[in-house]
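Working notes, beginning with the structure itself.
Residue numbers (the working numbering), protein chains in the order written: chain W, 85 to 251; chain R, 12 to 75.
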């Protein structure tokens with residue numbers, strides 16, 4: 085029995101199916117007499133260079149224990165799985181047992197993004213408004229929207245026409 | 012003291028520590044420049060190469 089760390093980079097387009105993949109992979113490991121000590125779902129990350137034309141990857145880390153001969157069989161199956169863009173098994177003397185720095189970093193990043201979202205909300209509201217300008221057009225055709233909005237649009241349209249004339 | 016942050020053990024997942032020992036172009040900086048021990052340099056090199064394979068660190072700045 086040897087201790088291994090497995091790193092698997094999933095196709096970012098299938099990142100929503102990561103949970104299903106983890107279950108499948110667990111089954112594959114267990115069928116080959118491997119024990120799983122720890123699973124870390126790091127999530128999507130920017131790749132430092134593109135692999136198979138992917139710029140992002142969904143990182144999964146596993147701490148596993150099992151026989152070296154069985155590992156070859158697992159690797160043979162993984163090789164032809166197209167949802168995996170890169171994989172690596174490393175034998176280690178001891179599992180650290182702690183969260184890896186990758187997972188910690190990704191958690192910190194998520195927190196940062198949430199904080200920055202609050203700040204960005206103001207600018208987002210402005211963007212939303214610009215989107216809304218487009219939406220009423222469709223609504224007018226389907227459901228009769230309040231007339232007031234309609235008028236505003238007409239006024240805007242006429243303004244644009246005037247500007248065009250000036251040009 | 013040393014201007015480098017040295018961990019108890021190098022790890023390929025700990026990118027921020029590894030990044031101290033590569034140049035902007037992605038090369039591993041020689042130990043004669045950084046002054047870390049030969050033993051540490053060997054371990055460091057191994058982990059940098061693993062991190063490169065996993066696309067955590069670039070091989071070069073010329074990647075497309």
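Just so you know, even glycine gets a beta-carbon here, dropped at the ideal spot from N, CA and C.
Three or more C-beta pairs under 8 Å: does that hold for the segment 51-66 of chain R against the segment 19-36 of chain R?
yes
Taking the alpha carbon of residue 191 of chain W as the reference point, which residue from W/176, W/112 and W/125 has its own alpha carbon closest?
What you label residue 191 of chain W is simply residue 107 of the first chain in a count that begins at 1. Residue W/125 is the option with its Cα nearest to residue 191 of chain W.
How would you list, in chain order, the residues of chain R whose beta-carbon sits under 8 Å from the beta-carbon of residue 170 of chain W?
On the first chain, residue 170 of chain W is found 86 positions in, with the first residue counted as 1. Chain R residues near residue 170 of chain W: 64, 65 and 66.
Residue burial classification, residue 65 of chain R (beta-carbon count within 10 angstroms, cutoff 16):
The count along the second chain starts at 1 and reaches residue 65 of chain R at position 54. It is buried - the Cβ of residue 65 of chain R has at least 16 other Cβ atoms within 10 Å.
Proximal residues to residue 127 of chain W (C-beta, below 6 Å), its chain only, five neighbours per side dropped
The sequence position of residue 127 of chain W within the first chain is 43, counting from 1. Excluding sequence neighbours, residue 127 of chain W sits near 190.
Out of R/20, R/38 and R/54, state which residue places its alpha-carbon closest to the alpha-carbon of residue 71 of chain R.
To locate residue 71 of chain R, count along the second chain from 1; it is residue 60. Looking at the Cα atoms, R/38 is the closest of the given residues.
Indicate whether at least one CB of chain W lies closer than 8 Å to the CB of residue 21 of chain R.
In the second chain, residue 21 of chain R corresponds to position 10, counting from 1. Closer than 8 Å: no.
Give the straight-line distance between the Cα atoms of residue 50 of chain R and residue 24 of chain R, rounded to the nearest whole angstrom.
The count along the second chain starts at 1 and reaches residue 50 of chain R at position 39. The count along the second chain starts at 1 and reaches residue 24 of chain R at position 13. Here the alpha carbon of residue 50 of chain R sits roughly 20 Å from the alpha carbon of residue 24 of chain R.
Entirely within the segment 111-182 of chain W and at least 4 residues each: give me those alpha helix (DSSP H) ranges in chain order.
152-163
Counting only C-beta atoms, is residue 70 of chain R closer than 8 Å to chain W at any point?
Position 59 of the second chain, counted from the start, is the residue given in the question as residue 70 of chain R. Cβ-Cβ to chain W under 8 Å: yes for residue 70 of chain R.
Classify residue 16 of chain R: buried if its beta carbon has 16 or more other beta carbons within 10 angstroms, exposed otherwise.
The residue you call residue 16 of chain R lines up with position 5 of the second chain. Flag for residue 16 of chain R reads exposed.
Taking residue 110 of chain W and residue 176 of chain W to be in contact with their CB atoms under 8 Å, please state how far apart those CB atoms are, rounded to whole angstroms.
By one-based count along the first chain, residue 110 of chain W stands at place 26. By one-based count along the first chain, residue 176 of chain W stands at place 92. Actually they are not in contact, since the Cβ atoms of residue 110 of chain W and residue 176 of chain W sit about 20 Å apart, beyond 8 Å.
Count the other CB atoms, across all protein chains shown, that sit within 10 Å of the CB of residue 227 of chain W; report buried if there are 16 or more and exposed otherwise.
Residue 227 of chain W sits at position 143 when you count from the first residue of the first chain. Residue confidence is low: residue 227 of chain W scores 47 on pLDDT, short of 50, so the model does not pin down where it sits. Its coordinate-derived value is still stated next. By the 10 Å Cβ count, residue 227 of chain W comes out exposed.
Take the Cβ of residue 150 of chain W as the centre, count every other Cβ of all protein chains shown within 10 Å, and call the residue buried at 16 or more, exposed below.
For the purposes of this step, residue 150 of chain W is taken as residue 66 along the first chain, with counting starting at 1. Flag for residue 150 of chain W reads buried.
So, is residue 113 of chain W buried or exposed, given that buried needs 16 or more other C-beta atoms within 10 angstroms?
Counting from 1 along the first chain, the entry for residue 113 of chain W is found at position 29. Answer is buried; the Cβ neighbour count reaches 16.
Is the beta carbon of residue 141 of chain W closer than 8 Å to that of residue 156 of chain W?
Position 72 of the first chain, counting from 1, holds the residue named residue 156 of chain W. Position 57 of the first chain, counting from 1, holds the residue named residue 141 of chain W. Not in contact: residue 156 of chain W and residue 141 of chain W (Cβ atoms no closer than 8 Å).
For residue 148 of chain W, return the contacting residues in chain R, with the cut-off set at a CB-CB distance below 7 Å.
One-based indexing of the first chain puts residue 148 of chain W at position 64. Here the premise fails: no neighbours, minimum Cβ distance about 16 Å.
When you compare each of W/143, W/139 and W/135 to residue 100 of chain W by their alpha carbons, which one comes out closest?
One-based indexing of the first chain puts residue 100 of chain W at position 16. Among W/143, W/139 and W/135, the Cα nearest to that of residue 100 of chain W belongs to W/143.
Would you say residue 39 of chain R lies against chain W (beta-carbon separation less than 8 Å)?
In the second chain, counting from the first residue as 1, residue 39 of chain R sits at position 28. At a cut-off of 8 Å, the C-beta of residue 39 of chain R has no neighbouring C-beta in chain W.
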